Each structure stands twice: as C-alpha cells, then as structure tokens.
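As structure tokens, the structure follows; a few thoughts come after it.
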Amino acid sequence: MLSKVLEKSTCAKCKFCCSFRRCSLWETPLFPENTVEKLERHGSYQFDMNDDNGKYGRMHLQDSYNTDDENEEAPCFFLDPDKGCTLSYEDKPFDCKIWPLRIMKKDDEYVIALTPTCPSIGKEPSDELQKLVDDGLGDVIYDYAKTHPFIIKDYKEGFPVLMVRK
Ligand code: SF4
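Next comes the structure, spelled out in structure tokens:
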C-alpha cells in the first residue's frame, strides 16, 4: 500500500519492522481471527488471542528471547532472513501493509500517524506520503479500522499526524 513511497526491495533488505524488542511487543502486528486459524492449520505457531475491540491474535514471541537483554530482538514468526516476509498478501496483517503508518486514538479523535522510527521513511512525513494518505490511503485505513477496531492504538507523543477524524 505504500509502494509509491517505500520500495518493496528496501523493506526486504531492512526488516527493521519485522523484529521486536521486549519493549516493542505492543508493536507486533495483529492478526484477524480467521487468519490465525488458517496459519495455525499450516504450522505450529503460537498466538495469544484477545477479544478487545474485536477478536484478534498476537504472536506469542515472549519465549523467543534467549537472554535478559532488553535490546535483544526476536524476529516475527513469518520473517525469512533472506527472503523477507513469507506471508501472502492476503494473510499479511493490515498493520504490516500500512507500516510505518498507524491509526491511533488521540483524545476523542482518530488520527493517522507516522511511526518515526522507520529507517527509510524517516521521522517526518514527506509530501509524497501526505499525498498518498490524502488521495485515498487514509480512507482505506479508516474503513479497515471500522471493521477491525483492534488495530487502533493509543496515540504516542512524537508521532507526526497526517490525518484527523472524529
Ligand atoms: S508478518 Fe511479515 S511484514 Fe509483518 S512483521 Fe511479520 S515478517 Fe514482517
């Protein structure tokens, strides 16, 4: 969805957003229930199911760390170190399709915000990224969040806002 501003090959080489420190577990992508069921049929993946703003699963990465080092990173179950993400477009979580964008709740508004840690996009949204959101991607994100409200995170200070709706 962001291919106009972020080359797939750049993401495949970087993989920054596909590994998680313990303090970043809140950022792991959320999988809709039907996708969890499908993935569990095809492999021994452990998900923690939640029913909080819709039913969804979160990868159980807690057992993937080998040390107590807070900075150790655990890779996503579906990350191949050479090929990148191994999931089909259909199964890839929406969170991953729009990252580094997020939909967040800020007071009584819903905002589309940029995660300022993506090494390729940078800390501030470019004009191209803003245009992409204004020209339709914003609508796609708000529409998805209506049927999958669990993807809405609490707003974090320092995340630049690209769109605001009530
Ligand atoms: S599902 Fe794919 S894109 Fe998303 S974090 Fe895992 S490897 Fe990365």
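Residue numbers (the numbering used here): 33 to 198. For each residue, glycine too, the CB sits at the ideal point set by N, CA and C. Note that the structure is a prediction, hence the values are computed from the model and not measured.
Asked: Heavy atom of the ligand SF4 less than 7 Å from the Cβ of K40, yes or no?; Found: no
Asked: When every heavy atom of the ligand SF4 is checked, does at least one fall within less than 7 Å of the C-beta of P125?; Found: yes
Asked: Nearest CA to the CA of P181: which residue from H74, T42, Q78 and Y88?; Found: Y88
Asked: Could you tell me how far apart the beta carbons of L111 and K47 are, in whole angstroms, since I believe they sit closer than 8 Å?; Found: 6 Å
Asked: DSSP puts A106 in a beta bridge; with which residues?; Found: F52
Asked: Looking at the structure shown, is G168 part of a helix, part of a strand, or coil, going by DSSP?; Found: helix
Asked: From the DSSP output, in three-state form, read off K137 for me.; Found: strand
Asked: Check the DSSP bridge columns for I144 and list the partner residues they point to.; Found: I135 and M195
Asked: Under 7 Å: does the beta carbon of L133 sit that close to some heavy atom of the ligand SF4?; Found: no
Asked: Taking contact to mean at least 3 C-beta pairs separated by less than 8 Å, is the segment 125-145 in contact with the segment 68-85?; Found: no
Asked: In the DSSP assignment, find the unbroken beta strand (DSSP E) run with L62 in it and report its ends.; Found: L62 to P64
Asked: If you measure between the beta carbons of A145 and Y187, is that distance less than 8 Å?; Found: yes
Asked: If I follow the unbroken alpha helix (DSSP H) through F79, where does it start and stop?; Found: Per DSSP, F79 belongs to no alpha helix (DSSP H); it is in the beta strand (DSSP E), F79 to D83.
Asked: Using the rule of at least 16 other Cβ atoms within 10 Å of the residue's Cβ for burial, across every protein chain shown, is V68 buried or exposed?; Found: buried
Asked: State yes or no: is the C-beta of I184 within less than 8 Å of the C-beta of K137?; Found: yes
Asked: Distance check for P192 and G168, CA to CA, integer angstroms please.; Found: 19 Å
Asked: Would the segment 99-113 count as touching the segment 144-161 if we require 3 or more Cβ pairs under 8 Å?; Found: no
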